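In this text, residue positions in the sequence shown follow my numbering: the first is 66, and each later residue adds one.
Don't be surprised by glycine CBs; every beta carbon is placed ideally from N, CA and C.
Because the structure is a prediction, the values reported are computed rather than measured.
Working notes, structure below.
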Amino acid sequence: VPRNSKVLFSFKVRCKRSGNVLREHSTSKLSLEMGKQISSQMSNWKVDLKEPELEVFVHLSESGLLVGIDLAKQIVYDGAAKVAGLDPVVSWGIVRTADIRPQDVVLDPMCGRGILLMQAGSVCPQATLVGCDANLKMVQEARTNSMSSARSKHHAGFEVLAADARRLPVRDKAVDAIVCDLPFGKQFGSVEQNVALYPAVLDELKRVARPESGRAVLLTNIDNTKTLEGYVEGQTFWQLVQKKFILLGRMKCCVYLLATSRRQQQQASGSGGCTPGCFSWEEKGKGKQRWNKLRRLERP
């Protein structure tokens, strides 16, 4: 932003220190004073500690002063997420794999705090986004995130319903894309209970998915892969297009891309298939680290 611009530009200073440089002053005090100095020189720059448009990084050491600006930084959800949830890099990868289009109806049947739907609203604000969850506390937190998302630039809000994923209040053949962070059986339920839960949820998703366009991107951990894959192998509506193993912290997890048999037949003639372990949009062998770089570059 030019020095003489009349447009206000928000920023904050983040300061770190090493060695014995200015030990008598706290880093928060140093950040405050540096912010004041920048504002005095740039009259259109306004300090905003909560949701700044730019962060100025300052590192003080005995060897000198380093000042930097992260020009390629992607501000996750444009500051909209008020209640945190799933790893934003993983949620971006799931939504990216779903290949959401403007005319799509997108459903998260176990939406939790609505993080996947927020990401979908960032990637494609024109899509219709619906989330369901049986936990009333999660429904309220998802609605909080939806209202925050609707107020943010380049994002869309979404509808959140209190409902069991096995009995969704959605009409037959109405949904184009499904994204879901399935329960791992740790915070909610158990791995043993998932043996019955997963097939029941996937049967319901079969009911609401459009046969000609339906696809589902599902996340679970390694303990539940046998249950999920066993279900897919035992029916004909869903086909396994691709799967990819990733780490959530130290937990080994898997992202599955499923598509309806009709959708797969329509796309088979013009598709060269996927590299094993990679989705069609990503580079071979780059994994979650590459997802993070791509996510930062795909700015709204």
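Buried or exposed by the 16-neighbour rule on C-beta atoms within 10 Å, applied to residue i
i, result
"GLU347", "buried"
"LEU131", "exposed"
"MET175", "buried"
"ASN85", "exposed"
"ILE180", "buried"
"LYS317", "exposed"
"THR325", "buried"
"ILE134", "exposed"
"LYS138", "A caution first: LYS138 carries a pLDDT of 48, below 50, which makes its placement in the model too unreliable to give a value."
"PHE223", "buried"
"ASP237", "exposed"
"THR36", "With the chain represented from 66 up to 365, any question about residue 36 goes unanswered, as that position is not in the structure."
"LEU201", "exposed"
"LEU247", "buried"
Per-residue DSSP class, three states only, for residue i
i, result
"GLU98", "helix"
"THR193", "strand"
"THR325", "strand"
"MET175", "coil"
"GLN252", "coil"
"HIS360", "Per the sequence presented here, residue 360 reads as Arg, with His not at that position. Note: ARG360 maps to helix in three-state DSSP."
"VAL266", "helix"
"ASP198", "strand"
"ILE287", "helix"
"ILE134", "strand"
"GLN168", "coil"
"ALA242", "strand"
"GLU120", "strand"
"LEU247", "coil"
"GLY129", "strand"
"LEU305", "strand"
"ARG231", "coil"
"VAL188", "helix"
Residue closest to residue i, alpha-carbon to alpha-carbon, out of the options
i, options, result
"VAL123", "ARG79, LYS115, LEU247, SER156", "ARG79"
"TRP157", "ASP169, GLY186, GLY177", "GLY186"
"GLY299", "GLN329, LEU267, CYS343, LYS309", "LEU267"
"ARG275", "GLN184, ILE159, LYS81, GLN168", "GLN168"
"CYS245", "GLU277, CYS319, TRP110", "CYS319"
"GLN304", "LEU312, ILE287, GLN332", "GLN332"
"ASN286", "GLU294, VAL225, ARG88", "GLU294"
"VAL306", "THR92, ALA281, PHE74", "ALA281"
"ARG166", "LYS101, MET203, LYS115, ALA242", "ALA242"
"LEU119", "LYS77, GLY279, MET107", "LYS77"
"ARG178", "LEU151, CYS343, PRO248", "LEU151"
"ASP288", "TYR296, ARG328, GLU269, ASN259", "ASN259"
"SER126", "LEU87, GLU269, GLU257, GLN205", "LEU87"
"TYR321", "VAL235, GLU277, ILE311, LEU283", "LEU283"
"SER104", "PHE74, GLU269, THR92", "PHE74"
"VAL171", "LEU270, ILE311, GLY342, LEU313", "LEU270"
"ILE311", "GLU277, GLN205, ARG355", "ARG355"
"GLU277", "ASP198, ARG328, VAL256", "ARG328"
"ARG360", "VAL188, SER255, LEU313", "VAL188"
C-alpha distance - residue i paired with residue j, whole-angstrom precision
i, j, result
"ILE140", "PRO190", "Since pLDDT at ILE140 reaches only 43, below the 50 mark, its modelled position is unreliable, and the value read off the structure follows with that caveat. Going from the Cα of ILE140 to the Cα of PRO190 covers about 16 Å."
"ASP173", "VAL240", "10 Å"
"ARG82", "VAL195", "46 Å"
"LEU262", "LYS291", "13 Å"
"ALA215", "THR193", "13 Å"
"SER345", "LYS94", "49 Å"
"GLY129", "LYS308", "48 Å"
"HIS90", "VAL121", "19 Å"
"ALA265", "GLY250", "15 Å"
"MET22", "VAL160", "The structure shown does not extend to residue 22, since the chain is modelled only from 66 through 365, so no value can be given for it."
"LYS358", "VAL154", "9 Å"
"GLY279", "ARG315", "32 Å"
"TRP110", "SER96", "15 Å"
"PHE253", "VAL273", "24 Å"
"ASP164", "ASP113", "35 Å"
"TYR296", "LEU323", "12 Å"
"VAL235", "THR162", "23 Å"
"MET99", "PRO117", "15 Å"
"PHE106", "SER213", "Going by the sequence as given, residue 106 is Gln instead of Phe. Approximately 33 Å between the Cα atoms of the pair."
"LEU226", "GLY342", "34 Å"
Short CB-CB distance (under 7 Å) between residue i and chain D
i, result
"GLN258", "The structure shown contains no chain D; it holds only a single protein chain."
Exercise for the section: Could you tell me whether the segment 204-213 touches the segment 230-246, where touching means 3 or more Cβ pairs closer than 8 Å? Expected result: Segments in contact, no.
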